[in-house]
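For the sequence shown, position 121 matches number 121 in this note's numbering, and the numbering has no gaps at all. Note that beta-carbon positions come from the ideal geometry of N, C-alpha and C, so glycine has one too. The structure presented is a predicted model; accordingly, all values stated were derived computationally and were not measured.
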Amino acid sequence: ESKGRSKVHDKYLAQANALLSASIERRSGPQRATAIYQVWDDANQLNTAEPLAPEVRSRLQSNVLAVANDLNHTQQVQFVVLAWQTIPHEQLLPMIRKLAKDSINHPAGYDNNEAFRLWCEGWPEECNAAILQGVLESNAKIDKNVILLMSEAEHPELDKMLETKLRDPAMLQDFFQSQRTGAVVLRAGSHNIASTVDSFLDQFARTGGCAGETRGD
């Protein structure tokens with residue numbers, strides 16, 4: 001019965017997708033871009049039942065790339081994540097780079113930082129440099145999960161900022177900021193601040209709250 005329902009669902013989805021595809025030429029601007037994106041997204045759903053021919057998949061992906069600037073952030077993220085498996089990565093780099101940089105200025109968990117993950121996977125040196133710059137410019141207030149995408153290396157240029165934060169009494173009560181700072185210490189702290197870290201942890205051990213992640217980092 002479940003298989004029968006899936007077949008009916010796919011039949012109607014294919015019909016709706018064909019109608020949407022036929023309407024693209026009558027659309028313009030963001031509405032046209034959204035329709036092109038939706039045709040590609042629907043085709044991916046149908047692909048699980050009947051695999052797309054490589055030339056069809058390539059054409060749909062190229063269509064989305066051509067209108068990518070008119071898509072919203074969430075649509076762009078979903079596209080690069082799914083297309084990562086089938087499109088030459090260099091074609092996706094401009095979108096990934098822009099999406100990752102945009103996410104620095106948004107709250108933690110923004111689209112799960114997928115663009116940053118792909119950026120660091122494909123171009124680790126460029127991605128590391130961008131995260132390091134983001135840490136410096138934001139005073140270590142970017143998402144902890146982004147910071148943890150960095151490869152480990154000592155960065156003495158962060159010493160002054162980290163020492164200032166670790167000596168700030170407010171850090172003992174701000175567990176989110178302490179986690180972010182702990183992540184920076186783990187990935188980029190230098191041996192120069194070891195004594196400051198030890199002193200902070202001694203104080204932190206006497207405070208209440210959930211501080212295990214910060215101490216671990």
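Is it buried or exposed for residue i, if we count other Cβ within 10 angstroms and need 16 for buried?
| i | result |
| --- | --- |
| D217 | buried |
| N128 | buried |
| G4 | exposed |
| V8 | exposed |
Would you mind working out which of the options sits nearest residue i, comparing C-alpha positions?
| i | options | result |
| --- | --- | --- |
| T86 | L148, Q61, R97, F176 | Q61 |
| V81 | E121, G212, D70, R59 | E121 |
| D143 | S178, S21, L162 | S178 |
| R215 | R32, T181, H191 | T181 |
| F175 | V184, N145, E213 | E213 |
| S21 | K7, R59, P54 | R59 |
| K101 | G134, D70, F79 | G134 |
| A43 | N63, G29, Q31 | N63 |
| I24 | P124, L46, Y37 | Y37 |
| A170 | R97, K11, T207 | T207 |
| L19 | A194, V39, Q173 | V39 |
| P51 | D10, N72, T74, H73 | D10 |
Quick one: residues in its chain with C-beta nearer than 7 Å to the C-beta of residue i, no 5 flanking neighbours on either side, listed in chain order?
| i | result |
| --- | --- |
| Q76 | A68, M95, L99 |
| A83 | Q61, L92 |
| H89 | G122 |
| S190 | E154, H155, P156, D159 |
| I147 | I131, V135, R180, A183, V184, R187 |
| R222 | Missing from the structure shown is residue 222; the chain here goes from 1 to 217 and no further. |
| E152 | R187 |
| L201 | R215 |
If you drop the 5 nearest sequence neighbours on each side, which residues of the same chain put their C-beta closer than 6 Å to that of residue i?
| i | result |
| --- | --- |
| A211 | F204 |
| T196 | E163, L166 |
| D70 | P30, A33 |
| N145 | N113 |
| I193 | D159, L162, E163 |
Since I believe residue j is in contact with residue i (beta carbons under 8 Å), could you give me their beta-carbon distance rounded to a whole number of angstroms?
| i | j | result |
| --- | --- | --- |
| I131 | L118 | Actually they are not in contact, since the Cβ atoms of I131 and L118 sit about 14 Å apart, beyond 8 Å. |
| R27 | A16 | With 8 Å as the limit, R27 and A16 do not qualify as a contact, their Cβ atoms being about 16 Å apart. |
| L13 | L46 | 6 Å |
So, at 8 Å on beta carbons, what are the nonlocal neighbours of residue i in its own chain, with the 5 sequence-adjacent residues on each side left out?
| i | result |
| --- | --- |
| K141 | Q177, R180 |
| L136 | E157, L158, M161 |
| E41 | Correcting the residue type first, residue 41 is Asp in the shown sequence and not Glu. These residues qualify, in order along the chain: Q78. |
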